[in-house]
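K.L.:
Respectively, the protein sequence lines represent chains A and B. Residues 309 to 421 (the numbering used here) are what the first sequence spells out, left to right. Residues 106 to 219 (the numbering used here) are what the second sequence spells out, left to right. For every residue, glycine included, the Cβ atom is placed at its ideal position computed from N, Cα and C.
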Amino acid sequence: DVKVTQSSRYLVKRTGEKVFLECVQDMDHENMFWYRQDPGLGLRLIYFSYDVKMKEKGDIPEGYSVSREKKERFSLILESASTNQTSMYLCASSFLGQGTEAFFGQGTRLTVV
Amino acid sequence: AQSVSQHNHHVILSEAASLELGCNYSYGGTVNLFWYVQYPGQHLQLLLKYFSGDPLVKGIKGFEAEFIKSKFSFNLRKPSVQWSDTAEYFCAVSIYNQGGKLIFGQGTELSVKP
Chain A
309 DVKVTQSSRY LVKRTGEKVF LECVQDMDHE NMFWYRQDPG LGLRLIYFSY DVKMKEKGDI
369 PEGYSVSREK KERFSLILES ASTNQTSMYL CASSFLGQGT EAFFGQGTRL TVV
Chain B
106 AQSVSQHNHH VILSEAASLE LGCNYSYGGT VNLFWYVQYP GQHLQLLLKY FSGDPLVKGI
166 KGFEAEFIKS KFSFNLRKPS VQWSDTAEYF CAVSIYNQGG KLIFGQGTEL SVKP
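And the structure:
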């Protein structure tokens with residue numbers, strides 16, 4: 309079974325803190341993604357990576373950065389957390405190529421107070 | 106920018122009713138299309154996908170979807186829904202030659218009444 313594991317299910321952070329969300333996959337997938345999920349807005353792509361140290365901005369990268377030092381691990385960084393970043397964050401991974409299925413983690417519910 | 110639009114935000118049906126959820130995308134080139142489902146408290150999982158060939162695609166749990174290229178649509182259907190189909194459904198598009206980058210629609214929440 310493919311496993312995409314996010315380090316935390318729930319996080320509460322203070323405004324201005326630097327926040328790290330970690331994601332690990334065990335299927336040797338080239339692609340990894342970070343989305344945020346908000347009611348009525350669906351899943352919006354923050355960043356994705358198709359190889360180690362490679363990254364591309366998604367639709368809403370402002371306020372976020374990412375790191376991919378190893379193939380299996382993709383980290384999302386909130387440089388200075390703000391209340392409008394309170395959301396559900398989803399990590400996903402897939403093989404590089406056409407028509408490949410993405411596998412999702414269980415999500416991290418982040419609350420910024 | 107490419108986008109995916111799902112027409113219905115919340116659909117309420119009685120058991121045994123038929124279901125059709127709309128999905129349109131805005132990109133003129135080659136695409137791969139997906140429907141994902143998120144059951145309450147669970148992670149997203151693939152329901153079905155279109156890669157090439159027959160535009161009528163069958164997925165798990167009796168779902169199917171039809172790709173109509175001329176209409177940029179990929180609507181999801183099920184002839185008879187069950188209470189256990191209550192979930193949120195997401196349409197997604199992967200653009201050819203963008204490495205599998207997935208763009209999602211806003212989601213449709215389906216509530217099935219027993």
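Pair every Cβ in the region 178 to 191 of chain B with every Cβ in the region 199 to 207 of chain B, then say whether three or more of these pairs are closer than 8 angstroms.
P.N.:
With the cut-off at 8 angstroms, the region 178 to 191 of chain B and the region 199 to 207 of chain B do not touch.
K.L.:
Sort A:Arg-317, A:Cys-331 and A:Leu-319 by Cα distance to Trp-342 of chain A and report the nearest one.
P.N.:
Ranking A:Arg-317, A:Cys-331 and A:Leu-319 by Cα distance to Trp-342 of chain A puts A:Cys-331 first.
K.L.:
Just tell me which of B:Ala-192, B:Lys-166, B:Tyr-130 and B:Ser-178 has its CA closest to the CA of Val-109 of chain B.
P.N.:
Of the candidates B:Ala-192, B:Lys-166, B:Tyr-130 and B:Ser-178, the one whose C-alpha sits nearest the C-alpha of Val-109 of chain B is B:Tyr-130.
K.L.:
Relative to chain B, which residues along the region 338 to 357 of chain A have a C-beta separation below 9 angstroms, given in chain order?
P.N.:
Listed by position, the residues of the region 338 to 357 of chain A near chain B (Cβ gap below 9 angstroms) are Glu-338, Asn-339, Phe-341, Tyr-343, Gln-345, Pro-347, Gly-348, Leu-349, Gly-350, Leu-351, Arg-352, Leu-353 and Phe-356.
K.L.:
Please identify the residue among A:Ser-375, A:Pro-347, A:Thr-391 and A:Gly-348 whose C-alpha is closest to the C-alpha of Asp-359 of chain A.
P.N.:
Among A:Ser-375, A:Pro-347, A:Thr-391 and A:Gly-348, the Cα nearest to that of Asp-359 of chain A belongs to A:Ser-375.
K.L.:
I'd like to confirm the pairing. Which residues does DSSP put opposite Thr-416 of chain A in its beta bridges?
P.N.:
Paired residues: A:Tyr-397.
K.L.:
If you count every other CB in all the chains shown that lies within 10 Å of the CB of Met-362 of chain A, and 16 or more means buried, which is it?
P.N.:
Exposed, since its Cβ has fewer than 16 Cβ neighbours within 10 Å.
K.L.:
Starting from the C-beta of Ser-388 of chain A, find all residues in its chain whose C-beta is less than 6 angstroms away, skip the five residues before and the five after it, and write them out in chain order.
P.N.:
Excluding residues within five positions, the ones whose Cβ falls inside 6 angstroms are Gly-324.
K.L.:
For Phe-328 of chain A, which residues from the same chain have a beta carbon less than 7 angstroms from its beta carbon, with the 5 sequence-adjacent residues on both sides left out?
P.N.:
Here the set comprises Ser-383 and Ile-385.
K.L.:
Using three-state DSSP, classify Asn-129 of chain B as helix, strand or coil.
P.N.:
DSSP places Asn-129 of chain B in strand when its eight states are reduced to three.
K.L.:
Any Cβ of chain B within less than 8 angstroms of the Cβ of Gly-371 of chain A?
P.N.:
No, no contact with chain B.
K.L.:
Count the C-beta pairs between the region 407 to 420 of chain A and the region 168 to 183 of chain B that are closer than 8 angstroms, then say yes if the count reaches three, no if not.
P.N.:
No, because fewer than three Cβ pairs between the region 407 to 420 of chain A and the region 168 to 183 of chain B fall closer than 8 angstroms, the two stretches do not touch.
K.L.:
Can you give, in chain order, each stretch of the alpha helix (DSSP H) that sits fully within the region 333 to 402 of chain A and has at least 4 residues?
P.N.:
Taking only runs of at least 4 residues, no alpha helix (DSSP H) segment lies wholly in the region 333 to 402 of chain A.
K.L.:
My assumption, with CB atoms under 8 angstroms, is that Leu-152 of chain B sits in contact with Trp-140 of chain B. Please give the rounded CB distance.
P.N.:
Right, the Cβ-Cβ distance comes to about 4 angstroms (below 8 angstroms), so this counts as a contact.
K.L.:
In terms of residue numbering, what span does the beta strand (DSSP E) encompassing Lys-311 of chain A cover?
P.N.:
That residue, Lys-311 of chain A, is in no beta strand (DSSP E); it is neither H nor E in DSSP.
K.L.:
Bridge partners of Thr-213 of chain B, per DSSP?
P.N.:
B:Tyr-194, per the DSSP bridge assignment.
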